[in-house]
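Using this note's numbering, read the sequence shown as starting at 4 and increasing by one per residue.
A short write-up of the structure that comes next.
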Amino acid sequence: MHRLFRTTTLRLQTYLDGRWGFALDPESKGEKKRWFAVFPSDADKQWVPSVWNSTYGYFDYEGPAWYHKTFHVGDCTALVINFGAVLHQAKVWLDGELLGEHFGGFLPFSFVVREPAPGEHTLVVRVDNTLSSSTIPGPHLDWYRYGGLPRPVWVEEISGQTCIRRFNLLPRLEGDRGAITVRASLLNVGDEPLRDTMRLEIDGKESYAQSVTLTPNEEQEVVFDVRIPEPKVWQPEEPSLYTARLVVDHDDQIERFGLRSIEVRGDQILLNGRSVKLLGVSRHEDHPDWGSALPEHLMRRDLDIIEELGCNTIRGGHYPNDPRFLDMCDERGLLFFEEIPLWQFSEEQMRKPIIRERARNMLLEMIERDMNHPCIWAWSLMCESATDTHGGRELVKSLVQTAKEIDFTRPVTYVSDKYADICFDLIDVISINSYTDWYLDDLDAMPWPDIFDRIREKSGARIKPLIVTEFGAGAVRGYRPLEKGVRWSEEYQGELLNERIAMILERKDVAGFYIWHLFDFRTDQRDAERVLRRPRGYNNKGLLDEYRRPKLSFWTVQQLLKTFRNLPGKKG
Ligand code: ADA
């Protein structure tokens, strides 16, 4: 399953989980050799969903690789072929015919095939995880450059003439009233004109109906608002959720949503009208045995650990996370900070037309995919990029506009590590990274708490909330020397986090934090300079190691958060 609940009752869904044919194509000759029509006979097998870097023999491969799968189709009018995510570029063929391409490693896409013949069909995907100056993320990373099909691939058979191509919900709470804006698009997959009725059910009750007329092959967008009187409010202590089902003739799509408000007022972030302190931790999708394709039960276990730690929010560093993880956050009442992987981009990169276009597309696709999730409280545009330059400012400006056009309900931010930043006036929340007492660059060289005051002075005329999105120190689990203050020791990390978090908890004008990072994660080995700061090929700033075994700092942070939550007036 690609979500935690059924997303349709009328389509016949087949998940293509399992072993697929797999062939590396390091010289990029597969297309010339027509592998989309005749797959190499000596091809290997690869499990889907997975990343190839967790399979023996393919740990370090970067470049094109081909996947091959056959599946069966019954009698239907159309087929929807869905990809949860492909890292990073995909080109897809069905029965030797090109269906299309997609760029953007962490986001879903799909194709509609009209009148497929009943029987066996062959799907071939060329996947390319090469990172370059025209990709997002770019060529240098501080996480692992995985490749493959990390999320499910599934096909859906439709038996009528109308196909729901899009079903997005923007929920909100305005005072004591709930509302959702529904944006749907309907496709006539037949060659006859079509008149149909589209209905929206919320928790099984019809809430809206409209008739639609479509010419042959027409795709039509429909936007409407629905009010929800006496809403059940989504809140951390009681995360109430609604189920919405859009139905036409022989097709339906199901989505979940929650009603809650997020506002910024002065230097505070308000959830349902009440000031909330963000007690957070960042989490990459990473595990030594699974790469970025974590199975559902390990996602759950990470969330159990986060709750045990006492956090109320997670930053999904640095890309759109698996939708099942977001579903789990919705169910548990945890807040989520979501970002596109525009990570450490220079001004030169940000001025490139292809980067600007890809950034805009990824932001749109992320917001459209996830705006129904009550857990998401902010959209982040980028991390540690050149927001101290005019080129950076232009891109921030246009991305803020893109985000606001599609979602006017959530704060927009980006993550900065620049003291000379010139874009804070463009965003709703200031997010800063500072590794004082670990690294010594730019913001990292500035002592806490001066940093808060000096950054705030730069934030423009309007006072706005400030959060610390990254801070931390590396510790190798088990390194517990007698001496005090030794870098890489569990004690050094624990003491640094203790001091920093205590300071943020005391400051009413700092709206919260995200510790970097929940666990140690595998990192890129190609950046010679960075590699020297990454013993074992891992970023060791985890509160737990890569197998989720706690370090000293885990218990330190847990104790601090427990004490804070038990203070009078704080929610336990
Ligand atoms: C940056 C970056 C993170 C992380 C961190 C570190 O701030 O945003 O991805 O790698 O550095 O550990 O140095």
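No residue lacks a Cβ here, since even glycine has one placed at the ideal position from N, Cα and C.
The model shown is predicted, which means the values in this text are computed figures rather than measured ones.
Asked	Found
Can you list, in chain order, the stretches of the beta strand (DSSP E) that have 3 or more residues and sit fully within the stretch 231-288?	245-251, 254-260, 265-268, 271-274, 281-286
Contact between the stretch 286-294 and the stretch 33-44: three or more CB pairs below 8 Å?	no
Below 8 Å, can you find three or more Cβ-Cβ pairs linking the stretch 312-332 to the stretch 172-187?	no
Here's a check: name, in chain order, each residue in its chain whose Cβ is nearer than 8 Å to the Cβ of residue 557, leaving out the five neighbours to either side.	312, 546, 547
Taking all protein chains shown into account, decide if residue 555 is buried (16 or more other Cβ within 10 angstroms of its Cβ) or exposed.	buried
Which residue spans inside the stretch 411-484 form an unbroken alpha helix (DSSP H) run of at least 4?	453-459
To the nearest angstrom, how far is it from the Cα of residue 260 to the Cα of residue 101?	35 Å
Does residue 228 pass the burial test, meaning 16 or more other C-beta atoms within 10 Å, or should it be called exposed?	exposed
Could you give the DSSP three-state label for residue 357: helix, strand or coil?	helix
Rank 452, 231, 425 by C-alpha distance to the C-alpha of residue 438 and give the top, closest one.	452
Quick check on residue 478: buried or exposed, where buried means 16 or more other Cβ atoms within 10 Å of its Cβ?	buried
Check whether the Cβ of residue 321 sits closer than 7 Å to any heavy atom of ligand 1, and report yes or no.	yes
Looking at residue 451 and ligand 1, is the gap between the Cβ and the nearest heavy atom below 7 Å?	no
Compute every distance between the C-beta of residue 420 and the non-hydrogen atoms of ligand 1, then say whether any falls below 7 Å.	yes
Considering just the uninterrupted stretch of the beta strand (DSSP E) at residue 131, what are its terminal residues?	122-131
Helix, strand or coil for residue 228 per DSSP?	strand
So, helix, strand or coil for residue 575, using DSSP?	Because residue 575 sits at a pLDDT of 43, beneath the cut-off of 50, its placement in the model cannot be relied upon, and the following sentence gives the value as read from the coordinates. Coil.
Could you tell me whether any Cβ in chain E is nearer than 8 Å to the Cβ of residue 21?	Among the protein chains of the structure shown there is no chain E, as only one such chain exists.
Please work out which residues of its chain come closer than 8 Å, Cβ to Cβ, to residue 25, disregarding the five sequence neighbours upstream and downstream, and give them in chain order.	46, 47, 48, 49, 55, 68, 69, 70, 71
How many whole angstroms separate the CB atoms of residue 77 and residue 160, which I take to be in contact at a CB cut-off of 8 Å?	6 Å
Identify, in the order they occur along the chain, each residue of the same chain with its Cβ nearer than 6 Å to the Cβ of residue 264, setting aside the five sequence neighbours on each side.	176, 275
So what does residue 316 bridge to, in DSSP terms?	283, 338
Once you ignore the five residues that flank residue 109 on each side, which residues in its own chain have a CB closer than 6 Å to its CB?	88, 322, 323
Pick from 364, 334, 436: whose alpha carbon is nearest that of residue 520?	436
Helix, strand or coil for residue 56 per DSSP?	helix
Got a sec: does ligand 1 put a non-hydrogen atom nearer than 7 Å to the Cβ of residue 473?	yes
Is DSSP giving residue 183 helix, strand or coil here?	strand
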